[in-house]
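**Student:** Residue numbers (the working numbering): 293 to 661. Quick one: this structure, given as structure tokens, is what I'll be asking you about.
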Ligand SMILES: Cc1ncc(C[n+]2csc(CCOP(=O)(O)OP(=O)(O)O)c2C)c(N)n1
């Protein structure tokens, strides 16, 4: 591996269990309270991870009950999303993927908006004013050139703004990934590339995605540094992103961060991961669960507070119930939403389809009433 890749800690990425998984995480990474965070900050890492997990589990239940559409679960990746979102400064730009529900909410997208998105609603892609988050992308890696464009604009305008772009291990096989990294390296742009290597691109394991030992080392070919972190350790993620943002803000160019993580659930609610993964592999990762391991550390540091944890869970539950009620109480979707905003003048054949759909929906709603 290139010595340009800083590795914290040592690991192999083979999702089939080979490659030194046992060396993967330090058993006791920080025996005493870290000096770079206050007790409040440490608690907020924990609380936000719990929030995301509860949000995620609720969305899965809603999907199974037919109350939202297809959903891409986050469980297992909470430390990546919380660590990176909390390390971003006010005004920094997030460019997310479909798996970043947690990151997006922590950067200011309302819970109801995220719910609306997964319910197929146009309102789910409307970003409130003053929130520096791009609408999420489904087209793999297409968001990387967008992020680089945003970072280039910031540089040309001498703005103190860093762009953080999220993607998965699978995205590294797309041309857009390579074009974006090349351009960002060449122009020394203020951008952080954050790869959530959750070990699979749907059913394709990371070991079948690349011939290189890591994803992080790909940065070297584009003239900047790559860094690998334990994506189950929220503090490791925070520190890596914080460093990369500070470096970008100093005008020292991009960083590629590869965070080693695992999605516990299915790729989306229409996938069955038992077809391509083993129970044993899942169990290995669950033993390093980002939330349980952080709770253990809070206890060890003498910061644990049962009452606080209980209060937080109650608050999260209330917030989620309210958000679901506001999604379900929203005025019904307009069939026209499917047709507008694509053409300046909608072609006649689409207008005919729109009229037919409006009629059908009106009839179905009439029957339901
Ligand atoms: C350009 C493009 N090709 C193929 C797909 C189909 N597709 C959807 S998700 C996915 C796998 C992506 O895996 P990864 O980048 O590792 O992200 P993850 O889903 O694991 O978060 C693919 C191939 C797509 N959405 N876009």
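Even for Gly, the Cβ is constructed at its ideal location relative to N, Cα and C.
1) To the nearest angstrom, report how far apart residue 294 and residue 512 are at their CA atoms.
2) Flag this pair as yes or no: are the beta carbons of residue 482 and residue 453 separated by less than 9 Å?
3) Is it right to say residue 602 is buried, meaning 16 or more other beta carbons lie within 10 angstroms of its own, or is it exposed?
4) List the residues that DSSP assigns as beta-bridge partners of residue 389.
5) Going by beta-carbon coordinates alone, are residue 386 and residue 426 separated by less than 9 Å?
6) For residue 309, name the three-state secondary structure that DSSP assigns.
7) Where residue 649 and residue 322 are concerned, what is the direct C-alpha to C-alpha distance, given to the nearest angstrom?
8) Is the separation between the beta-carbon of residue 349 and that of residue 583 shorter than 9 Å?
9) If we ignore side chains and look at the alpha-carbon of each, how far apart do residue 503 and residue 442 end up?
10) Is the beta carbon of residue 459 within less than 8 Å of some heavy atom of ligand 1?
11) Report the residue from 642, 340, 439 and 488 whose alpha carbon sits nearest the alpha carbon of residue 553.
12) Regarding residue 462 and ligand 1, is the C-beta to nearest heavy atom distance less than 8 Å?
13) Are residue 404 and residue 377 close, meaning C-beta to C-beta below 9 Å?
14) So, for residue 430: in the same chain, excluding its five sequence neighbours on each side, which residues have a beta-carbon less than 7 Å away from its beta-carbon?
15) Would residue 237 be called buried (16 or more neighbouring beta carbons within 10 Å of its own) or exposed?
16) Take the Cβ of residue 494 as the centre, count every other Cβ of all protein chains shown within 10 Å, and call the residue buried at 16 or more, exposed below.
17) Please classify residue 658: does DSSP put it in a helix, a strand, or coil?
18) Within 10 Å of its beta-carbon, does residue 571 have 16 or more other beta-carbons around it, so buried, or fewer, so exposed?
19) Classify residue 315 as helix, strand or coil using the three-state DSSP reduction.
20) Could you name the residues that DSSP lists as bridge partners for residue 514?
21) Report the partner residues of residue 492 according to the DSSP bridge assignment.
22) Using the three-state DSSP reduction, which class does residue 459 fall into: helix, strand or coil?
23) Give me the DSSP bridge partner(s) of residue 483.
24) With a threshold of 6 Å on Cβ separation, who are the neighbours of residue 492 within its own chain once the five nearest residues in sequence on each side are excluded?
25) Between residue 325 and residue 596, how many whole angstroms is the CB-CB distance? I'm expecting something under 8 Å.
26) Is it right to say residue 598 is buried, meaning 16 or more other beta carbons lie within 10 angstroms of its own, or is it exposed?
27) Consider the C-beta atom of residue 492 and the heavy atoms of ligand 1; say whether any pair is separated by less than 8 Å.
28) Using only the alpha-carbon positions, how far apart do residue 368 and residue 451 sit?
**Tutor:** In short, the structure shows the following:
1) Here the model assigns residue 294 a pLDDT of 49, short of 50, so the residue's position is not dependable and the matter cannot be decided.
2) Contact flag set, yes.
3) That one is exposed.
4) Partner(s): 429.
5) Note that the C-beta distance between residue 386 and residue 426 is below 9 Å.
6) In this predicted model, residue 309 has a pLDDT of only 36, less than 50, meaning its place in the structure is not dependable; the value taken from the coordinates is given anyway. Residue 309: coil per DSSP, three-state reduction.
7) Near 59 Å, if we compare the C-alpha coordinates of residue 322 and residue 649.
8) No. Outside cutoff.
9) Rounded to the nearest angstrom, the gap between the Cα atoms of residue 503 and residue 442 is 31 Å.
10) Answer for residue 459: yes, Cβ within range of ligand 1.
11) Of the listed residues, the one whose Cα sits closest to residue 553 is 488.
12) Flag set: Cβ of residue 462 near ligand 1.
13) No, they are not a contact pair.
14) So the qualifying residues of the chain are 390.
15) This structure gives no information on residue 237, because the portion of the chain shown stretches from 293 to 661.
16) With fewer than 16 Cβ atoms within 10 Å of its Cβ, residue 494 is classed as exposed.
17) Looking at residue 658 - three-state DSSP - the assignment turns out to be helix.
18) So residue 571 counts as exposed.
19) Since pLDDT at residue 315 reaches only 46, below the 50 mark, its modelled position is unreliable, and no value is offered.
20) DSSP output for residue 514 lists no bridge partner at all.
21) In DSSP, residue 492 forms a bridge with 497.
22) Secondary structure of residue 459 (DSSP, three-state): strand.
23) Looking at the DSSP assignment, residue 483 forms a beta bridge with 455.
24) The answer is none, since no qualifying residue turns up.
25) Not a contact, Cβ separation roughly 12 Å.
26) By the Cβ-count criterion, residue 598 is exposed, with fewer than 16 other Cβ atoms from all chains shown falling within 10 Å of its own Cβ.
27) Yes, ligand 1 has a heavy atom inside 8 Å of this Cβ.
28) Residue 368 and residue 451: Cα-Cα distance of roughly 35 Å.
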